[in-house]
Amino acid sequence: MNRASQWIASIALMLMIASAFAAKDPSDTEGTAEHPQVARFPNFFIDNSKYNDYNEVGFNLKNGEQVKGGKYWFVDYILKEGARQPSTVELVRNYENAFKKAGGGLVYRESPEDVVYRMPLGGSGERWMKLHVDNDGYRYQIEVIDTGSMEQKVEFSADQMSDAIKKNGFVALNGIMFDTGRATIKPESEPLLKEVAALLKKEQSLKLSIEGHTDNVGDKKANLDLSKKRAESVIAYVTKAGIDPRRLKADGKGDTAPVADNRTEEGRAKNRRVELVRF
2 MNRASQWIAS IALMLMIASA FAAKDPSDTE GTAEHPQVAR FPNFFIDNSK YNDYNEVGFN
62 LKNGEQVKGG KYWFVDYILK EGARQPSTVE LVRNYENAFK KAGGGLVYRE SPEDVVYRMP
122 LGGSGERWMK LHVDNDGYRY QIEVIDTGSM EQKVEFSADQ MSDAIKKNGF VALNGIMFDT
182 GRATIKPESE PLLKEVAALL KKEQSLKLSI EGHTDNVGDK KANLDLSKKR AESVIAYVTK
242 AGIDPRRLKA DGKGDTAPVA DNRTEEGRAK NRRVELVRF
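Structure follows, in structure tokens:
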């Protein structure tokens, strides 16, 4: 087996089998990474890259553009100094053969330098990839979408909070989470807190009482104090984002206003919440 065949077999295997870590090269720009299952052509290093948990990309096909959404990678490769430069045709056909070995192939060639590939993944998923070649093989970029639905990470958008407050006078948020028994906000709460700040920036006249609520586990007095401190932590976050603190006040309700049954974990999770109440 010659070197080209070995490389095709290698990349095909990577395209089909999940890998915990992408290949690393000392020449790669610091902080960059490539798709864990799409190998680079030999003797190239990563100049820059990007990854998103979810993004959408339009793929040009013969019958028009198709937009695919899912996990997204962009990787920009440059040939190492002194290495043999492949041609555009060599790059395109190597990836085409690798996708074919994984059950897919080239689906559209917009120009000699711009092609689109696809292959099936497990279940109903697909992998779509754009390849763009620069300077007849000196540099190339790939964009990859592994199709899938987006994981909803923000409980409410700013506009949805606004609608709820206009309709009901308040909105209850379960996505602002804290360390157990403490008022320290967990990092995963940040997207929702950014939406709270966006709401207040958009609606300059809105004033909110930030009300903390707990479940009934533990001492009632301690829960009351904790819920007030948690409300104060939320205010500290949004004021740091540029909101006038005079538009906000903190209140703690402890376990005095449950919205679900505290006898179940599901109910207790619903009771642990922060409410934004218009005043």
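Numbering (the working numbering), first residue to last: 2 to 280. Backbone N, C-alpha and C define an ideal beta-carbon position, used for all residues, glycine too. Here the structure is a predicted model, which means the values were calculated and not measured.
Within the continuous alpha helix (DSSP H) that includes residue i, where are the two ends?
| i | result |
| --- | --- |
| Asp-226 | 221-241 |
| Arg-94 | 89-102 |
| Gly-268 | 266-272 |
| Lys-195 | 191-203 |
| Lys-25 | Element bounds for Lys-25: n/a, residue is neither H nor E. |
| Lys-168 | 159-169 |
On the DSSP bridge list, what partners appear for residue i?
| i | result |
| --- | --- |
| His-133 | Asp-115 and Gln-142 |
| Tyr-73 | Asn-53 and Ile-146 |
| Arg-279 | Leu-209 |
| Ala-184 | According to DSSP, Ala-184 bridges with nothing at all. |
| Gln-67 | Phe-60 |
| Val-39 | Beta-bridge pairing links Val-39 to no other residue. |
| Arg-110 | Val-116 |
| Ala-173 | Glu-276 |
| Ile-47 | Tyr-78 |
To the nearest whole angstrom, what separates the beta carbons of residue i and residue j, a pair I think is in contact under 8 Å?
| i | j | result |
| --- | --- | --- |
| Glu-97 | Tyr-118 | 7 Å |
| Lys-250 | Ser-210 | 5 Å |
| Asp-220 | Arg-269 | Actually they do not touch by this definition, with Cβ atoms about 15 Å apart. |
| Glu-212 | Glu-276 | 4 Å |
| His-214 | Asn-169 | Incorrect: roughly 16 Å between the Cβ atoms, too far for contact. |
| Arg-128 | Met-120 | 5 Å |
Is residue i near the ligand COA - that is, is its Cβ less than 7 Å away from at least one heavy atom of it?
| i | result |
| --- | --- |
| Gly-255 | The ligand COA is not part of the structure shown, which contains no ligands of any sort. |
In terms of residue numbering, what span does the beta strand (DSSP E) encompassing residue i cover?
| i | result |
| --- | --- |
| Lys-81 | It is not in any beta strand (DSSP E) - Lys-81 carries neither H nor E in the DSSP assignment. |
| Ala-1 | Residue 1 cannot be examined here, being either before or after the span of the chain that is shown, 2 to 280. |
Validate contact between the region 142-155 and the region 163-170 using beta carbons, cut 8 Å, 3 pairs: no
Stretch-stretch touch, CB-based, cutoff 8 Å, three pairs: the region 125-139 with the region 44-54: no
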